[in-house]
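A short worksheet on the structure shown next.
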Amino acid sequence: MIKDYFLDKVEDAVLKAVQDNKLGQMSEYKRETLVVERPKNPDFGDFAVNVSSLARSAKIAPPAIANAIVSEIDKDDNEYSVIGGFINFKAGKNLLINSIDEIFKKRENYGRPENIKKENIILEYVSANPTGPFHIGHGRWAAMGSVLANLLKFYGHDVYQEFYINDAGSQIQKLGNSLAIRIRQELGEDIDFPSDEVERKNYYPGDYLIPVAKKFVKEQNNILQSVHNDVTKIDVKTLSDFAKNEMEKLQKELLEHFRVHFDNFYSELTLHKSGKVDECVNKLKESGKIYKKDGADWFRSSDYGDDQDRVIKKADGSNTYLTADIAYHIDKLERGFDRMINIWGADHHGYVARVRASIEALGYNPDKLEILLGQLVNLVINGNEVRMGKRKNMVTLDDLIEEVGVDATRFWMSMRNIDTTLDFDIELAKTKSDENPVFYVQYAHARACSILRNAVENKVDTETGKSVPAPLAEAELAELKNNYKKEYLLPTLDTARKLVLKLEEFKSMIKMSAETRQVYTICRYVQELASEFHSFYNANRVISDDRELMKSRLALVLSVKQVLKNALDILAVTAPERM
RNA sequence: GUGCUUGUAGCUCAGUUGGAUAGAGCGUUUCCCUCCGAAGGAAAAGGCCGUGGGUUCGACUCCCGUCAAGCACACCA
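Quick note on the numbering used here: the first sequence kicks off at 5 and runs consecutively.
Written out as structure tokens, the structure reads:
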């Protein structure tokens with residue numbers, strides 16, 4: 005990376021200057037003390053380093069330090085200039101040419117770092133209850149999680165994507181009871197969910213169980229006959245299992261459609277059945293971190309930073325949700341993953357401390373668990389915020405995707421910092437104009453493709469009716485693409501510096517994004533690259549009579565297309581050839 | 001009451017780990033197609049970085065207080 009190249013040069017020079025006693029009283033320098041930044045004013049250069057931080061140990065003024073350092077640098081064809089305590093750097097032709105060359109060499113792998121410490125990561129996200137359709141909040145975790153998985157894989161890690169199904173506990177019974185009501189309605193009975201608010205909370209009154217009830221009546225006739233259509237005589241488990249399977253099926257179909265791929269769906273129920281939950285309780289007891297109070301077993305999570313202790317086994321002998329969750333995380337560790345990354349909604353933040361505590365209490369390293377807490381999603385309809393209430397006004401993810409499409413939904417759900425509440429403006433996400441960043445970016449890709457098509461297409465002159473030969477033969481374009489030579493770029497280099505630098509930035513953007521787990525940086529980058537490309541397009545005509553210049557610019561167009569594609573692939577947003 | 005997150009341009013948001021004149025998109029105003037996609041581009045206007053202190057040569061960034069918004073504080077899952 006040009007950035008790293010520059011920093012290396014500066015640091016080598018600092019070390020040399022220190023050795024030659026040219027930096028005042030400074031006697032040693034530790035690498036990575038200095039930081040590369042972007043100059044506020046682009047006229048200063050492409051990158052800059054501020055050496056003011058060295059002034060304290062050197063005991064000489066920052067400009068003198070900067071000059072001393074620059075005088076030690078082997079400059080090649082790059083420009084170094086000193087303003088105050090800043091060393092500004094402007095990349096020369098060699099570096100710029102090399103960065104485009106790299107794109108042609110690496111193609112779809114451009115941006116993947118050479119040497120990273122590869123980790124075997126389990127990424128858990130969405131993990132919704134199988135008791136209903138996804139709401140738009142789930143959409144944010146689904147989009148961000150799958151982008152993060154793509155990103156970390158691209159970066160070089162092994163990523164195993166898992167969905168934890170909360171298919172145990174009271175809500176499943178609730179689901180069965182709700183289905184019973186829907187089936188009775190289906191059979192013609194005049195019955196409805198209780199109107200009393202408190203009692204109503206024991207049911208899922210949403211419409212989504214109606215088709216499930218219809219299906220049950222159609223497919224499970226033998227069961228209904230055996231109880232002479234008296235639904236109350238059917239075992240609740242039969243009903244809840246049926247509903248649960250239907251919900252899981254719907255959820256999985258939607259995830260596929262949304263381009264979200266899980267390697268595994270891990271059932272909480274199997275965790276209980278396998279005895280792993282009990283095993284976990286026993287281990288905690290052995291660790292001496294359990295005590296009895298009011299008939300329940302309490303875990304001393306407060307010994308590990310939690311603000312209070314937590315019940316692990318209720319007075320009635322059953323386990324809490326937390327107990328299963330602990331067992332689940334221990335199971336992940338025992339499956340041999342180096343790192344566990346979970347994406348949780350901010351409404352679960354209270355769980356972070358207790359899960360970490362349990363991991364530590366059981367003798368594992370809690371730092372292996374990374375929990376990304378995401379703020380929630382607000383829907384904006386016609387400029388008005390629609391608060392996502394518990395059940396009322398619930399917009400399902402299905403509806404949203406149908407309304408705005410997979411590409412726009414994925415992009416919008418990924419484009420904001422995970423720490424900020426996301427305002428999802430439906431109208432804006434639907435617009436096909438520059439107001440909508442997804443289309444702006446896709447348009448840039450389509451435009452690049454269009455130029456490449458035009459370069460090799462024979463045209464017909466509308467006035468004379470004569471055919472006009474293509475500016476470039478197919479074979480020549482193929483040659484440019486497959487046997488790219490560094491010299492190709494030279495003729496357009498001066499007018500394309502900004503664009504080349506932006507293409508080069510892809511590498512550092514990927515690094516930053518992967519290391520901070522913040523996928524929105526990819527969305528931002530792709531908009532910036534599109535902007536630079538549109539700008540270049542307007543200022544420079546690609547197809548022209550000057551063949552060398554044309555080839556040079558086509559090489560850039562090919563590069564832009566490649567890098568846009570690489571970024572959009574990570575986002576799993578399509579890169580259209582035409583729109 | 002306690003904890004977590006967020007307050008930056010009219011709106012939606014960046015701000016690379018404490019540095020140069022605080023940036024981008026939308027919106028507003030003015031320009032740019034005889035020609036590769038104007039679904040684009042160029043430019044202008046727009047800011048007490050919620051607020052009050054502190055640390056520092058230097059603070060949007062770090063610390064403390066304070067105000068506002070969201071979320072969470074179960075032997076529910």
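Glycine included, C-beta positions come from ideal geometry on N, C-alpha and C.
Rounded separation between Lys372 and Lys289 - CA only
The count along the first sequence starts at 1 and reaches residue 372 at position 368. The count along the first sequence starts at 1 and reaches residue 289 at position 285. Cα to Cα, the separation comes out at about 23 Å.
Using alpha carbons as the reference points, say which of Ser103, Val264, Val390, Gln189 lies closest to Val564.
Here the question's residue 564 lines up with position 560 in the first sequence. Nearest of Ser103, Val264, Val390, Gln189 to Val564, Cα basis: Ser103.
Which stretch, first to last residue, makes up the alpha helix (DSSP H) that contains Ser182?
If you number the first sequence from 1, residue 182 lands on position 178. Here the alpha helix (DSSP H) through Ser182 covers 174 to 190.
Considering only residues of the same chain and omitting the five flanking positions on each side of Ala433, which have a CB-CB separation below 6 Å?
Here residue 433 corresponds to residue number 429 of the first sequence, with the count starting at 1. Excluding five sequence positions before and after Ala433, the CB atoms of its chain that fall closer than 6 Å to its own CB belong to Val408, Ala412, Trp416, given in chain order.
Collapsed DSSP secondary structure at His161 in the structure displayed
Mapped onto the first sequence, residue 161 falls at position 157. Three-state result, His161: coil.
Does DSSP classify Leu426 as helix, strand or coil?
In the first sequence, the residue the question calls residue 426 occupies position 422. In the three-state scheme derived from DSSP, where H, G and I count as helix and E and B as strand, Leu426 is classed as strand.
Could you tell me which of Val14, Leu383, Lys219, Asp81 sits nearest to Leu100, measuring between CA atoms?
As a first step, residue 100 is located in the first sequence; it is residue number 96 there, counting from the start. Among Val14, Leu383, Lys219, Asp81, the Cα nearest to that of Leu100 belongs to Asp81.
DSSP-derived helix/strand/coil call for Leu27:
Walking along the first sequence from the start, residue 27 turns up at place 23. Three-state DSSP puts Leu27 in coil, outside helix and strand.
Tell me whether Gly192 is buried or exposed, calling it buried when 16 or more other Cβ atoms sit within 10 Å of its Cβ.
Here residue 192 is taken as the residue at index 188 of the first sequence, counted from 1. Exposed, since its Cβ has fewer than 16 Cβ neighbours within 10 Å.
Spatial distance of Lys489 from Gly141 (CA atoms)
Taking the first sequence and counting its residues from 1, one reaches residue 489 at position 485. Taking the first sequence and counting its residues from 1, one reaches residue 141 at position 137. Lys489 and Gly141: Cα-Cα distance of roughly 48 Å.
Helix, strand or coil: how does DSSP classify Asn54 here?
On the first sequence, residue 54 is found 50 positions in, with the first residue counted as 1. When secondary structure is reduced to three states using DSSP, Asn54 falls in the strand class.
DSSP puts Tyr168 in a beta bridge; with which residues?
Position 164 of the first sequence, counting from 1, holds the residue named residue 168. Partner(s): Tyr270.
Presumed contact (8 Å Cβ cut-off) between Lys293 and Phe303, rounded CB distance
Residue 293 sits at position 289 when you count from the first residue of the first sequence. Residue 303 sits at position 299 when you count from the first residue of the first sequence. Confirmed, about 6 Å.
Starting from the N-terminal side, write out each stretch of the alpha helix (DSSP H) that is 4 residues or longer and does not extend beyond the stretch 254 to 336.
Scanning the stretch 254 to 336 for uninterrupted alpha helix (DSSP H) segments of 4 residues or longer gives 272 to 277, 280 to 290, listed from N- to C-terminal end.
For Lys87, three-class secondary structure by DSSP
As a first step, residue 87 is located in the first sequence; it is residue number 83 there, counting from the start. At residue 87 the sequence reads Ile, which differs from the Lys that was named. Ile87: strand per DSSP, three-state reduction.
Between the alpha carbons of Asn170 and Val264, how many angstroms are there, rounded?
Residue numbering aside, residue 170 sits at position 166 when the first sequence is read from its first letter. Residue numbering aside, residue 264 sits at position 260 when the first sequence is read from its first letter. Taking the straight line joining both Cα atoms gives about 19 Å.
Since Ile125 sits in a beta bridge, which residues does DSSP pair it with?
The count along the first sequence starts at 1 and reaches residue 125 at position 121. According to DSSP, Ile125 bridges with Val163, Arg343.
Report yes if the CB atom of Glu639 is closer than 8 Å to the CB atom of Pro495, and no otherwise.
The first residue shown for the chain is 5 and the last is 583, placing residue 639 beyond what the model contains.
For the candidate residues Asn458, Ser517, Ile514, Asn542, whose alpha-carbon lies nearest to that of Thr499?
Walking along the first sequence from the start, residue 499 turns up at place 495. The shortest C-alpha separation from Thr499 is found at Asn542.
Distance, Ser244 Cα to Ser174 Cα
Within the first sequence, numbered from 1, the residue matching residue 174 stands at position 170. Within the first sequence, numbered from 1, the residue matching residue 244 stands at position 240. Spanning the two alpha carbons is a distance of roughly 11 Å.
Skipping 5 residues on each side, what residues in its chain have a beta carbon closer than 8 Å to that of Asp162?
Start at 1 with the first residue of the first sequence, and residue 162 comes out as number 158. Result list for Asp162: Lys122, Glu123, Asn124, Ile125, in chain order.
Can you name, in chain order, every residue of its own chain whose Cβ lies under 7 Å from the Cβ of Lys7, other than the five neighbours on each side?
One-based indexing of the first sequence puts residue 7 at position 3. Here Lys7 has Val40, Phe51, Ser512 as same chain residues with Cβ atoms under 7 Å from its own Cβ, once five neighbours each way along the sequence are excluded.
Starting from Glu374, trace the alpha helix (DSSP H) in both directions and tell me its first and last residue.
Indexing the first sequence from 1 puts residue 374 at position 370. Following the DSSP letters along the chain, one finds Glu374 in no alpha helix (DSSP H) but inside the beta strand (DSSP E) bounded by residues 373 to 378.
With DSSP run on the structure shown, which of helix, strand or coil describes Asn133?
Here residue 133 refers to the residue found at position 129 of the first sequence. It is coil, neither helix nor strand.
Between which two residues does the alpha helix (DSSP H) holding Asn98 run?
The count along the first sequence starts at 1 and reaches residue 98 at position 94. Going by DSSP, Asn98 is part of the alpha helix (DSSP H) stretching over 97 to 110.
Residues near Arg395 by beta carbon distance below 6 Å, same chain, minus five either side:
Here the question's residue 395 lines up with position 391 in the first sequence. Unreliable positioning characterises Arg395 in this predicted model, as indicated by a pLDDT of 41, which lies under 50. The coordinate reading is nonetheless provided below. Result list for Arg395: empty, nothing under 6 Å.
Excluding the 5 residues flanking Glu389 on each side, which residues of the same chain have their C-beta closer than 6 Å to its C-beta?
Taking the first residue of the first sequence as position 1, residue 389 is located at position 385. The residues Asn382, in chain order, have a CB closer than 6 Å to that of Glu389 in the same chain once the five nearest residues on each side in sequence are set aside.
Segments of 4+ residues assigned as alpha helix (DSSP H) that fall wholly inside the stretch 507 to 575
Those alpha helix (DSSP H) runs which fall completely within the stretch 507 to 575 and span 4+ residues are 524 to 543, 551 to 575.
With 16 other CB atoms within 10 Å as the buried threshold, where does Gly393 fall?
Looking up residue 393 in the first sequence gives position 389. Here the model assigns Gly393 a pLDDT of 45, short of 50, so the residue's position is not dependable, and the following value carries that caveat. So Gly393 ends up on the exposed side.
Mapping the DSSP letters down to three states, classify Phe2 as helix, strand or coil.
Nothing about residue 2 can be reported from this structure: the residues present for the chain run from 5 to 583 only.
Buried versus exposed, by CB contacts within 10 Å (16 or more), His276
Looking up residue 276 in the first sequence gives position 272. Buried is the call here.
If you drop the 5 nearest sequence neighbours on each side, which residues of the same chain put their C-beta closer than 7 Å to that of Val567?
Position 563 of the first sequence, counting from 1, holds the residue named residue 567. Leaving aside the five residues that flank Val567 on each side, the residues in its chain whose CB is nearer than 7 Å to its CB run, in chain order, Ile107, Tyr114, Leu507, Phe510, Leu533.
Please classify Ala95: is it buried, with 16 or more other beta-carbons within 10 angstroms of its beta-carbon, or exposed?
Locating residue 95 in the first sequence gives position 91, where the first residue counts as 1. Result: buried.
Which residues in the same chain have their Cβ closer than 7 Å to the Cβ of Arg343, if we skip the five residues on either side of it in sequence?
Within the first sequence, the letter at position 339 stands for residue 343. Take Arg343, set aside five residues on each side of it, and the residues of its chain with a beta-carbon closer than 7 Å to its own are Glu123, Ile125, Lys372, Glu374, in chain order.
Excluding the 5 residues flanking Lys237 on each side, which residues of the same chain have their C-beta closer than 8 Å to its C-beta?
The sequence position of residue 237 within the first sequence is 233, counting from 1. In the same chain as Lys237, and ignoring 5 residues on each side of it, the C-beta atoms closer than 8 Å to its own belong to Val231, in chain order.
DSSP three-state assignment for Val14, whether helix, strand or coil:
On the first sequence, residue 14 is found 10 positions in, with the first residue counted as 1. It is helical.
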